[in-house]
Amino acid sequence: MDGTMSGTLKFWRDMSHVQHCRHRHDYPKIDFSLSGYDLLVVSQSSMGKSYLRPGIYFLLVNPGLGLIIHWPEIGCYEKNASSQRKINMTNLHRYLTKLTDHQLCFMSDKDLESFDWNMENSDIFSDDNDSEVKKNQEEQEDFKIYPGFEVNLPHNIKAEINNQMKDVSLSPIVVGSTTHQSFITRQLIDTASHTHKITSPVSITQFPIDLKNKLKDHYLHFDRHKMNMYELELFVKYGLEVEGEFFSPLHEALATAKVQHEKKKYQKKSAIVEDIEIMKQIALMKLHSFYSHFDISLSRINISDTDLNRIQTKYPGIETLIEEKVKINSKNWKKMKKRYNLACIVVENMNTLEKTSKVKENNDGLTKSISETFYDIFIDKESDLHKLMEKYTQRLAFQNSSSACDLFDYYNLNNSKINKAKQMTKDMTDAEFIQKLVNSKLFEGYDDIREKINSTFFEEYHQWKKNDFPVEIRRIFPESLFIKQLECKLEKEYVEEKQRIEKNEFENICNKLECKYKNGSM
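The numbering of the sequence shown is the working numbering, which starts it at 979 and goes up by one.
Next comes the structure, spelled out in structure tokens:
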């Protein structure tokens, strides 16, 4: 507007006011749109300048905000304007004031001097004048709506308007001053296209100075995708120089997480050590159960039902695994066990052969012969069982004066005897074998032979219990491996927790910093 024109700009927040105004007072709603957006109207040029055509304009900025723009006729506020025109303008001002929430009035100094705010008390308000106003209004049924103007916007601007983001209005706007009116279009510009990387190094002392100067006319924004917590700390510490104010919650949260991590690690490690000790006790309990009648040094182990149930629940199948490791896996033990079973088969056949032999011996002589033969087979250095059986088959045949036919049958039985001894060794558990060994009646009256055989087995058992058994138990639950696996698991959980804390605090710190420096000042 220039000095000869004035205008009243009306704002309102509830759009129902405008609709109510239109129906009650029959004010026109002027809606000029392009691609679905409201535009204002410009009049023809006059004296080399562009002016708005006089009238009342409506612009919807967004669903909650609209504008009523009253653009008056030129000279309607001048001193020489007709009294009726002044009355009409004053009344219009009053109506718009009642219908809108907020009002802004842009008037020149001349118009302000001519505007009579107390016009209702003057003599101009006469019945004749009032009748003339009513008569003039009756002559015209309604206000005329004049077409406005169209602006051919570039295609990229139209695309921006049609694809605008939520809560970000990109509709064109008109900005007016006392002398000029401007039509402004808006466009979202990707920040990446305006990001300029500073590659030149900046000293620690100069950095905060440069940053302070930069923030005088810029606001602060952090790229969350390209910056990490370490870089943010450096920026705040050496640039903004306000580290403690923003990073205290982060440091407190990380310290709490570390304390909880150490506490959890200690508790878990203690639980593992305790569990391993209980499992070792279970192994000793199984050892006592299997071999106590053979090894009198074994003590009875008592484990509470609570601990036993907890181990069985926490480590399913561990008891079966322990029982496997309690088996005597010594090669010499298995070899001796097989030789013992083979000797048992041989002496059983000696009894059978004695019954059919022509040479009869008394019971004492037979028992001695059986015991000595058993012991000789057991301690014989021959490792090939077939050769061993052949050797003692010939001896027994000679002692019993067997016929050639009997000897041939005896040889044929050797293979089946060896296979039978192997199968017995495989099927019989160590606990069952030891019971058989201890309770055997083959050596009645010959305790020296019994003692020698039992001592040989006991010595091998003792070496296994001392050297092999602890190793096998440690293989089931190696303490160092369990603890290492636990530490790896807990460390992974701790790192994930720190990352979660840093991610949350990173966002919080960025938001606080951007809020503090949003106005371009440090």
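Where a beta carbon is used, it is the ideal one built from N, C-alpha and C, also for glycine.
Close-in-space but distant-in-sequence residues of the same chain around residue i (CB under 7 Å, 5 per side omitted)
i            : result
residue 1115 : Confidence is the limiting factor: at residue 1115 the pLDDT is only 49, short of 50, which leaves the residue's position unreliable, though a coordinate-based value still follows. If we look at residue 1115 and ignore the five residues flanking it on each side, it has no Cβ neighbours.
residue 1304 : 1261, 1264, 1265, 1268
residue 1443 : none
residue 1188 : 1180
residue 1356 : 1317, 1318, 1321, 1431
residue 961  : Given that the chain is displayed from residue 979 to residue 1500, the structure contains no residue 961 and the question cannot be resolved.
Closest residue to residue i among the options (Cα-Cα distance)
i            : options                : result
residue 1447 : 1318, 1353, 1306       : 1306
residue 1466 : 1392, 1044, 1243       : 1243
residue 1476 : 1299, 1238, 1405, 1302 : 1238
residue 1489 : 1373, 1198, 1267, 1179 : 1198
residue 1464 : 1245, 1288, 1319       : 1245
residue 1067 : 1082, 1081, 1190, 1049 : 1049
residue 1167 : 1408, 1135, 1293       : 1135
residue 1496 : 1093, 1200, 1070, 1056 : 1200
residue 1081 : 1046, 1057, 1089       : 1046
residue 1228 : 1392, 1437, 1069, 1479 : 1479
residue 1471 : 1437, 1275, 1240       : 1240
residue 1147 : 1133, 1132, 1481, 1163 : 1163
residue 1435 : 1425, 1362, 1313       : 1313
residue 1404 : 1458, 1274, 1469, 1311 : 1311
residue 1485 : 1061, 1211, 1367, 1195 : 1211
residue 1453 : 1085, 1256, 1300       : 1300
residue 1482 : 1055, 1231, 1084       : 1231
residue 1309 : 1468, 1276, 1449, 1438 : 1438
residue 1225 : 1207, 1217, 1235, 1236 : 1207
residue 1456 : 1252, 1152, 1075, 1089 : 1252
residue 1411 : 1323, 1315, 1351       : 1315
residue 1373 : 1414, 1354, 1418, 1398 : 1354
Below-8 Å beta-carbon distance, residue i vs any chain B residue
i            : result
residue 1312 : Absence of chain B from the displayed structure is noted, only one protein chain being present.
Simplified DSSP assignment, three categories, for residue i
i            : result
residue 1162 : strand
residue 1451 : helix
residue 1093 : coil
residue 1421 : coil
residue 1151 : strand
residue 1581 : Only positions 979 to 1500 of the chain appear in this structure, which leaves residue 1581 out of reach.
residue 1021 : Any reading at residue 1021 is ruled out, since the residue's pLDDT is 39, under 50, leaving its predicted position unreliable.
residue 1053 : coil
residue 1220 : coil
residue 1426 : helix
residue 1245 : helix
residue 1278 : coil
residue 1186 : helix
residue 1194 : coil
residue 1070 : helix
residue 1015 : Since pLDDT at residue 1015 reaches only 30, below the 50 mark, its modelled position is unreliable, and no value is offered.
residue 1491 : helix
residue 1349 : helix
residue 1106 : Legend: pLDDT at residue 1106 = 46, less than 50; position of this residue unreliable, no value from coordinates given.
residue 1178 : coil
residue 1206 : coil
residue 1396 : helix
residue 1137 : helix
residue 1416 : helix
residue 1460 : helix
residue 1272 : coil
residue 1257 : helix
residue 1267 : helix
residue 1367 : helix
residue 1406 : coil
residue 1201 : coil
residue 1146 : coil
residue 1129 : coil
residue 1479 : helix
residue 1358 : coil
residue 1321 : helix
residue 1496 : coil
residue 1065 : helix
Bridge partners - residue i, DSSP secondary structure assignment
i            : result
residue 1035 : 1047
residue 1040 : 1043
Same chain, Cβ closer than 6 Å to residue i, five either side skipped, listed in chain order
i            : result
residue 1259 : 1279, 1281
residue 1326 : none
residue 1409 : 1268
Contacts around residue i, its chain only, beta-carbon distance under 8 Å, and the 5 residues preceding and following it disregarded
i            : result
residue 1416 : 1271, 1272, 1432
residue 1394 : none
In chain order, what are the residue ranges of uninterrupted beta strand (DSSP E) at least 3 long that sit wholly in the segment 1280 to 1316? Runs of the beta strand (DSSP E) inside the segment 1280 to 1316: none found.
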